[in-house]
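Contents: one structure, followed by commentary.
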Amino acid sequence: MPDAPKKLFIKTYGCQMNVYDSERMAEALGGNGYEQVGTPEEADMILLNTCHIREKAAEKVYSELGRYKGLKAANPDLKIGVAGCVAQAEGAEILRRQPLVDLVVGPQSYHRLPEMEAKLRDGGTALDTDFPEELKFDHLPGARKATRGPTAFLTVQEGCDKFCAFCVVPYTRGAEVSRPVSRVIAEAEALVAQGVREITLLGQNVNAYHGPDGSGTWGLARLIRRLAEISGLDRIRFTTSHPRDMDDDLIAAHGDCEKLMPYLHLPVQSGSDRILKRMNRGHTAEAYIRLVERIRAVRPDILMSGDFIVGFPEETEADFQATMDLVAEVGYGQCYSFKYSARPGTPAAERPLVDPAEANDRLHRLQALLARQQQQAQDAMVGKEVGVLFEKPGRLPGQMVGKSDHLHAVHVTCDAAPGVLARVKITESGPNSLGGMLV
Ligand code: 5AD
Ligand code: SF4
443 MPDAPKKLFI KTYGCQMNVY DSERMAEALG GNGYEQVGTP EEADMILLNT CHIREKAAEK
503 VYSELGRYKG LKAANPDLKI GVAGCVAQAE GAEILRRQPL VDLVVGPQSY HRLPEMEAKL
563 RDGGTALDTD FPEELKFDHL PGARKATRGP TAFLTVQEGC DKFCAFCVVP YTRGAEVSRP
623 VSRVIAEAEA LVAQGVREIT LLGQNVNAYH GPDGSGTWGL ARLIRRLAEI SGLDRIRFTT
683 SHPRDMDDDL IAAHGDCEKL MPYLHLPVQS GSDRILKRMN RGHTAEAYIR LVERIRAVRP
743 DILMSGDFIV GFPEETEADF QATMDLVAEV GYGQCYSFKY SARPGTPAAE RPLVDPAEAN
803 DRLHRLQALL ARQQQQAQDA MVGKEVGVLF EKPGRLPGQM VGKSDHLHAV HVTCDAAPGV
863 LARVKITESG PNSLGGMLV
């Protein structure tokens, strides 16, 4: 009799790359006889895939781990692992501080999980926070399991060499590396063969992609154009980009590659040159605004998205106003905004903080402006005809929900199956989604 499958529960925090990594970890452990389950109570192994980007990340992980005490008491064979950027940053400290933990694995070592898991079966603990020479992706199982829907993430690049003064990513994810072109194409083709119709290319600095193909390296635009040749793949997106890596070819692709969707996440963080300089961003506010103009010149309907940090050390009210001015000038469709949080080990953590009440107040003012812009961008879709890729049933009976080309959620009363890409006329704009009807 073959052994009954062991049960794996993964809890994922943070960015889309963690979502992708969690899927890959589940597949890697699939080879060791694990299948994924939806609750920690039924699990033989619990993995927390953690994020370290903002404050109290480690504390949240420790308090989550504390909650598993009862489960471990009830089932001494239960294995508990910590993966992701907190694992990378804290390393062996996690094993010391929380004896419930059996395994700690950093983001560059997931391909070693099967060996690590085998080691646990002998009653030991396992720790791996190396930055190995070999690329994890190319040692993870190639065949991806059936995906749940018509959209998928595909990591093409990882790590960052930019060293923004506030950011832990260059330390937790390591130096920038790009996957070889052939691997990316093979993975995309496999996804499409499984029914995926939209792929989002992922990377911490995805537009710095420079994947080897034998003779030289390809930039992101060339990769996108090549992926666009895959028949059955209807939509391509990518995230997250740095303004400095937005080259001419990638700008042009927004105008001439039909499968590249009109939505661009291009974080600027601040609109003040003084702060941008202290952040080590390597560009001015003016350069960013000109860049957006060039993109809009080739793709006028592009929906711009971004990230902002308010209350960066020594940010004055005038600096903050410059951010508000930049937002007003660019006009965003959807943004993320955060209050600065000092990350130990980063250069900005040494600098004097802005008064927290002032920082909160700025965050509220910025978020109010961004929310207005988001609503305006959504309302402006009413009356237009857009492509919608249906993903799943909506809240109301008979309704389907999918994403528009511009990444708006759209509800339509129709019987289209998930995976159908249809033309939809937008008839209404609600607080967080659009409504429409099939054309
Ligand atoms: N404090 C606040 N926000 C941060 N981000 C990254 N590091 C910090 C920090 N220390 C934000 C940036 C980045 C996004 C992923 O998280 O806006 O683009
Ligand atoms: Fe962090 Fe800056 Fe790199 Fe983005 S570009 S991951 S914010 S260091």
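In terms of the working numbering, the sequence shown opens at residue 443 and continues consecutively.
Positions of the beta carbon are idealized from the N, C-alpha and C atoms, including for glycine.
Predicted model only: the values in this text are computed from it and were never measured.
Listed by position along the chain, the residues with Cβ atoms less than 6 Å from a non-hydrogen atom of ligand 2 are Cys602, Lys604, Phe605, Cys606, Cys609, Val611, Pro612, Gln646, Asn647 and His684. For the 8 Å CB-CB criterion, Val524 and Leu490 form a contact. Ligand 1 has no heavy atom closer than 7 Å to the beta-carbon of Phe595.
Counting other Cβ atoms within 10 Å of its Cβ, Lys845 reaches 16 or more and is therefore classed as buried. Judged by DSSP secondary structure, Met746 falls outside any alpha helix (DSSP H) and instead within the beta strand (DSSP E) spanning Leu745 to Val752. Burial check for Gln818: the Cβ neighbour count within 10 Å stays below 16, so the residue is exposed. In this structure, the beta-carbon distance from Met721 to Ala813 does not fall below 8 Å. For Gly658, the secondary structure class from DSSP, reduced to helix, strand or coil, is coil. Ligand 1 approaches Tyr782 closely enough that one of its heavy atoms is under 7 Å from the residue's Cβ.
Using a cutoff of 7 Å, the CB of Asp676 does not count as near ligand 1, since none of the ligand's heavy atoms is closer than that. Going by C-alpha positions, Ile693 is about 13 Å away from His707. Cβ-Cβ distances below 6 Å link Asp847 to Met703, Pro704, Val828 and Gly829 in the same chain, with the five nearest sequence neighbours on each side left out; the list follows chain order. Looking at the DSSP output, Arg679 sits in a beta bridge with Thr642.
Of the candidates Ala531, Val843, Glu792 and Leu745, Glu792 places its Cα closest to the Cα of Glu756. Looking at the backbone, the Cα of Ala859 and that of Tyr504 are separated by about 42 Å.
For Leu849, the CB contacts under 6 Å within the same chain, skipping 5 residues up- and downstream, are Tyr705 in chain order. A straight line joining the alpha-carbon of Ala534 with that of Asp572 spans about 12 Å. Under the DSSP assignment, Gln478 falls in the beta strand (DSSP E) whose first and last residues are Tyr476 to Gln478.
Going by C-alpha positions, Asp676 is about 35 Å away from Glu728. When the Cα atoms are used, Arg539 and Asn647 turn out to be separated by approximately 33 Å.
In the three-state reduction of the DSSP assignment, Val881 falls in the coil class, being assigned neither a helical nor a strand state. Counting along the chain, Ser464 sits inside the alpha helix (DSSP H) bounded by residues Gln458 to Gly472. If you draw a 10 Å sphere on the C-beta of Gly565, you find fewer than 16 other C-beta atoms in it, and that means exposed.
At a cut-off of 7 Å, the beta-carbon of Arg686 does not count as near ligand 1: no heavy atom of the ligand is closer than that.
Checking the 7 Å criterion, the Cβ of Pro755 is out of range of every heavy atom belonging to ligand 1.
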